[in-house]
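Protein chains: 2
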Amino acid sequence: METSNLKKAGLKVTLPRMKILEILENSETRHLTAEAIYRELLDSGEEIGLATVYRVLTQFEAAGLVCRLHLEGNQAVFELERGGHHDHIVCNQCGRVEEFFDETIERRQREVAQHHGFAIKDHALVLYGDCTDSACPHRPA
Amino acid sequence: METSNLKKAGLKVTLPRMKILEILENSETRHLTAEAIYRELLDSGEEIGLATVYRVLTQFEAAGLVCRLHLEGNQAVFELERGGHHDHIVCNQCGRVEEFFDETIERRQREVAQHHGFAIKDHALVLYGDCTDSACPHRPA
DNA sequence: ATAGAAATGAGAATCTTGATCATCTGAGCG
DNA sequence: CGCTCAGATGATCAAGATTCTCATTTCTAT
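Same order as they appear, the protein sequences are chains A and B. Residue numbers for the first sequence follow the working numbering, beginning at 1 and rising by one. Residue numbers for the second sequence follow the working numbering, beginning at 142 and rising by one.
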């Protein structure tokens, strides 16, 4: 049960929070904007406010349940934290997001930071390109 | 003269554009928000609108004269494009920005992208940490 | 100098996200 | 099982960043 995650985070188990967690777990894209979650909830017949979605997502982020990513600048996307850190590749054409993890890059980042006198705490790495995958519809969402 | 850059970019040579270029060239931090440029212009006695600053910076970006960076999320910063590509380290404490370039990271990025079926066009890499430099005032701007 | 196209400035508009506050809901207790 | 109250919600408002609109002004070419 995910409710244990909520309790562990000191968050009361409420309907909106469970529904939002559910959507994050069942989403195919795994990277959703607050608005997308909001619309999905409305479509499911839930009566929820957009402010609640933002509030809950911010709390989830603080609790380490989700990550907030700025993949294209204006609208943040949220993804369920499933343990492993990873970075992202975004297709300029269709907006598809792939995840990757590269130990060499991670290591070099730490080395570079150290070399510049920084104790690295976090990083944001996003690659942008055209996915040559035949599944790419080659038109933006 | 920088005016040649403007002409080459197909942009009319106007006072606001030259002043903005000047500020970007003479700034010590090399990473300025639109508002910072705007305020500096006002302080110099120029009569300029904030909208013009944003407009001009966007045009400069399209012309390849400046880069727009999202170092901390809410406000974009602009830096003069001086040829070499580089990435950034930001101090969580004092906000200081350092630039770096690491060929290993660049290469691995291309390899990772190719491996995932992407033709990489661009990337954004920002490291966040605490700068142990004694020059760091250890308090946010 | 002049005309026409492009650029500017002021403010309105938009978009995303956070704040406010009255109302409602969930967890513990009798 | 119903009660109570802290905490959560929803509607609206608000803030911050950036873009749009449009009347006026400024370059560039003639």
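We put the beta carbon where it would ideally sit given N, CA and C, even for glycine.
Assigned secondary structure, residue i (DSSP; H/G/I helix, E/B strand, else coil)
i       : result
V218(B) : strand
A265(B) : strand
H115(A) : helix
R139(A) : At R139(A) the pLDDT is 45, less than 50, meaning the model places this residue with poor confidence; the figure from the coordinates comes in the next sentence. Correct three-state label for R139(A): coil.
Residue i to residue j span [Cα, whole Å]
i       : j       : result
L69(A)  : E61(A)  : 11 Å
L41(A)  : A217(B) : 32 Å
A36(A)  : Q93(A)  : 20 Å
A63(A)  : R158(B) : 46 Å
R30(A)  : V56(A)  : 17 Å
D87(A)  : D122(A) : 12 Å
G270(B) : I120(A) : 4 Å
C272(B) : L127(A) : 26 Å
C91(A)  : G186(B) : 45 Å
K12(A)  : Y195(B) : 44 Å
K19(A)  : D184(B) : 52 Å
S168(B) : T33(A)  : 36 Å
R39(A)  : T199(B) : 32 Å
A141(A) : E213(B) : With a pLDDT of 43 at A141(A), under the threshold of 50, the predicted position of this residue should be treated as unreliable, and no value is reported.
I164(B) : G117(A) : 29 Å
A132(B) : L65(A)  : As shown, chain B starts at 142 and ends at 282. That puts residue 132(B) outside it, with no answer to give.
R249(B) : T104(A) : 7 Å
F100(A) : R110(A) : 18 Å
K149(B) : L156(B) : 17 Å
D102(A) : C136(A) : 24 Å
G10(A)  : L21(A)  : 15 Å
E239(B) : I230(B) : 5 Å
N5(A)   : F78(A)  : 17 Å
E120(B) : E106(A) : Because residue 120(B) is not part of the residues shown, which for chain B are 142 to 282, the question remains open.
Flag this pair as touching only if the stretch 179–191 of chain B and the stretch 208–228 of chain B have three or more C-beta atom pairs under 8 Å; answer yes or no. no
Report the residue ranges of all alpha helix (DSSP H) runs contained in full by the stretch 3–75 of chain A; include only those spanning at least 4 residues, in chain order. 3–8, 15–26, 34–43 and 50–62
What residues from the stretch 116–130 of chain A come within 9 Å of chain B, judged by C-beta to C-beta, listed N to C? H116, G117, F118, A119, I120, K121, D122, H123, A124, L125, V126, L127, Y128, G129 and D130
Report the residues of the stretch 89–110 of chain A with a CB closer than 8 Å to any CB of chain B, ordered along the chain. I89, C91, N92, E98, F100, D102, T104, I105, R108 and Q109
Listed in chain order, which residues of the stretch 205–230 of chain B have Cβ atoms closer than 7 Å to some Cβ of chain A? H211, G214 and I230
Would you list, in chain order, the members of the stretch 37–49 of chain A that have their beta-carbon closer than 8 Å to a beta-carbon of chain B? none
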